[in-house]
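Using the numbering used here, read the sequence shown as starting at 2 and increasing by one per residue. We put the beta carbon where it would ideally sit given N, CA and C, even for glycine. Quick caveat: nothing in here was measured; it's all calculated off a predicted structure. Since the structure comes first, as structure tokens, the remarks are kept for the end.
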Amino acid sequence: MPKKPFLFLFSLLIAAVLLPAASPAQAAKGENHPAQELFSQGADALSQGNPTLALEKFNAALKLDPDLPEVYINRGIALMRLEQYVEAVEDFDKALELAPRAPEAFYNRALAYSRSGLYDKAVADYTRALKYAPKDWQIFYNRGNAYLEQNKSGEALKDFDRALKLNPKAPEVYHNRGLAYLHQKKPDKALENFDQTLELNPNFARAVFNKARALEQLGQKPEAMAAYRQFLKTGNPESDAEYLQKALDRLKELEGK
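Structure, rendered in structure tokens:
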């Protein structure tokens, strides 16, 4: 079984979601309705990186008005940030009962499925989201990631290509397209994508690690060693710990130690 490539998941969560349309009941309440005020406070807390406080505000808002889909969506996002994925899916389900055409609900439910390892369900929801938001590059990108997790590199490449047509300056998409090419044993194309990643974001440390892998597969030993050394200097000791160790191991082997 082929090894799964590392995915740099740059899945952007949607905070303070604006749905395509409010129901007549919601519109009549206006922005000064207490539930809407609590929702705004929760959205602010979420955007400031405080999902626990956001959850409290969203719970309070739903006690006052249980029919606000945007609150369920954002509470689901808060739950995801707290790694409560089952509960998050339940909130996205409820949001879709209230707003069946909300791409934000499909998109974020897909993220929750992906983080739970349910990639088939994630792909299905990303596809539903694209029906209502066909020009959202992030949806193509994340569906590509789900395909890549399933070792479907061909499908992943199609989605990464689509994402880059919509946003040609997204370094994370080039990076994961490079991973898909590595999966297909096309290190030359992978290298091009990792170089493009680093051109757009020189601080993208994992791209340096994967560039080293591509160079090694191309038989460019000195260049691969230089890239591994660079990654050892720039990688994050906490988030990159596993890959720093891999780089160190590869470097020792290439040096013949």
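Q) Should A103 be labelled buried (16 or more other beta-carbon atoms within 10 Å of its own) or exposed? A) Residue numbering aside, residue 103 sits at position 102 when the sequence shown is read from its first letter. Buried is the call here.
**Asked** Whole-angstrom Cβ separation of G77 and D66, contact assumed at under 8 angstroms?
**Response** What you label residue 77 is simply residue 76 of the sequence shown in a count that begins at 1. What you label residue 66 is simply residue 65 of the sequence shown in a count that begins at 1. Not quite, the Cβ-Cβ distance comes to about 17 angstroms (not below 8 angstroms), so this is no contact.
- Task: Round the Cβ separation of A96 and I74 to the nearest angstrom and send it over; I've been treating them as touching at under 8 angstroms.
- Result: Stepping through the sequence shown from its first residue, residue 96 is reached at position 95. Stepping through the sequence shown from its first residue, residue 74 is reached at position 73. With 8 angstroms as the limit, A96 and I74 qualify as a contact, their Cβ atoms being about 5 angstroms apart.
What are the start and end residues of the alpha helix (DSSP H) that includes N75? The count along the sequence shown starts at 1 and reaches residue 75 at position 74. That run of the alpha helix (DSSP H) goes 70-82.
**OP:** Examine the Cβ distances between the segment 211-218 and the segment 186-202 and report whether three or more of them are shorter than 8 angstroms.
**Re:** yes
Could you tell me the distance, in whole angstroms, from the CA atom of P25 to the CA atom of V90? What you label residue 25 is simply residue 24 of the sequence shown in a count that begins at 1. What you label residue 90 is simply residue 89 of the sequence shown in a count that begins at 1. Because P25 sits at a pLDDT of 31, beneath the cut-off of 50, its placement in the model cannot be relied upon, and the point is left open.
Query raised in the report: When the distance is taken between beta carbons, is A130 closer than 7 angstroms to Y108?
Result: As a working mapping, residue 108 is identified with position 107 in the sequence shown. As a working mapping, residue 130 is identified with position 129 in the sequence shown. Yes, they are a contact pair.
task: Tell me, to the nearest whole angstrom, how far the beta carbon of L201 is from that of P172; I am working on the premise that it is less than 8 angstroms.
output: Residue 201 sits at position 200 when you count from the first residue of the sequence shown. Residue 172 sits at position 171 when you count from the first residue of the sequence shown. Indeed they touch by this definition, with Cβ atoms about 4 angstroms apart.
task = Tell me whether G43 sits in a helix, a strand or coil according to DSSP, three-state version.
result = Taking the sequence shown and counting its residues from 1, the one referred to as residue 43 is at position 42. In the structure shown, G43 sits in a helix (DSSP, three-state: H, G or I).
Worksheet item: Any idea what DSSP makes of H34, helix, strand or coil?
Response: Reading the sequence shown from its first residue, position 33 is the one you call residue 34. H34 falls in the coil class under three-state DSSP.
- Query: When DSSP labels each residue in this structure, what does R102 get in the three-state scheme?
  - Reply: Numbered from its first residue, the sequence shown carries residue 102 at position 101. Looking at R102 - three-state DSSP - the assignment turns out to be coil, as it is neither helix nor strand.
message = On the DSSP letters alone, give me the boundaries of the alpha helix (DSSP H) that G257 sits inside.
response = As a first step, residue 257 is located in the sequence shown; it is residue number 256 there, counting from the start. Here G257 belongs to no alpha helix (DSSP H), and DSSP marks it neither H nor E.
Tell me which residues share the same chain as Y148 and place their Cβ nearer than 6 angstroms to its Cβ, disregarding the 5 neighbours each side in the sequence. Within the sequence shown, the letter at position 147 stands for residue 148. E156, A157.
- [ ] For E243, collect the residues of the same chain with a Cβ closer than 7 angstroms to its Cβ; drop the 5 residues on either side in sequence, then sort them by chain order.
- [x] On the sequence shown, residue 243 is found 242 positions in, with the first residue counted as 1. Correct list: empty, nothing qualifies.
What residue does the alpha helix (DSSP H) around P1 start on, and which one ends it? With the chain covering only 2 through 258, there is no way to say anything about residue 1.
Review point. Nearest-angstrom Cα distance between D137 and A164?
Key: Against the sequence shown, residue 137 aligns to sequence position 136. Against the sequence shown, residue 164 aligns to sequence position 163. Their backbone Cα atoms lie some 8 angstroms apart in a straight line.
From the DSSP output, in three-state form, read off F205 for me.
-> For this step, residue 205 is matched to residue 204 along the sequence shown. Note: F205 maps to coil in three-state DSSP.
Would you decide whether A115 is buried or exposed? Buried here means 16 or more other CB atoms lie within 10 Å of its CB.
On the sequence shown, position 114 is the one that residue 115 refers to. Here residue 115 is Ser; the residue named in the question, Ala, does not match the sequence. Flag for S115 reads buried.
Residue of L69, L54, P101 minimising C-alpha distance to R82:
Numbered from 1 along the sequence shown, position 81 holds the residue referred to as residue 82. Among L69, L54, P101, the Cα nearest to that of R82 belongs to L54.
### First and last residue of the uninterrupted alpha helix (DSSP H) at Q139
The residue labelled residue 139 in the question sits at position 138 within the sequence shown. Q139 -> alpha helix (DSSP H) spans 138-150.
Using CA atoms only, rank isn't needed, just tell me which of E57, E84, A44 is closest to G118. For this step, residue 118 is matched to residue 117 along the sequence shown. Residue E84 is the option with its Cα nearest to G118.
| alpha helix (DSSP H) containing L158: first to last residue? | Against the sequence shown, residue 158 aligns to sequence position 157. First-last of the alpha helix (DSSP H) with L158: 154-167.
(message) Whole angstroms are fine: how far does the CA of Y86 sit from the CA of A113?
(response) Position 112 of the sequence shown, counted from the start, is the residue given in the question as residue 113. Position 85 of the sequence shown, counted from the start, is the residue given in the question as residue 86. Each residue's alpha carbon lies about 6 angstroms from the other.
>> I'd like to check one pair, A62 with L99: are the Cβ atoms closer than 7 angstroms?
In response: Taking the sequence shown and counting its residues from 1, the one referred to as residue 99 is at position 98. Taking the sequence shown and counting its residues from 1, the one referred to as residue 62 is at position 61. No.
### Query
How long is the line joining the alpha carbons of Q42 and K58, rounded to whole angstroms?
As a working mapping, residue 42 is identified with position 41 in the sequence shown. As a working mapping, residue 58 is identified with position 57 in the sequence shown. Q42 and K58: Cα-Cα distance of roughly 7 angstroms.
Grab the span of the alpha helix (DSSP H) containing Q231 for me, first residue to last.
-> In the sequence shown, residue 231 corresponds to position 230, counting from 1. Note, Q231: alpha helix (DSSP H), 222-235.
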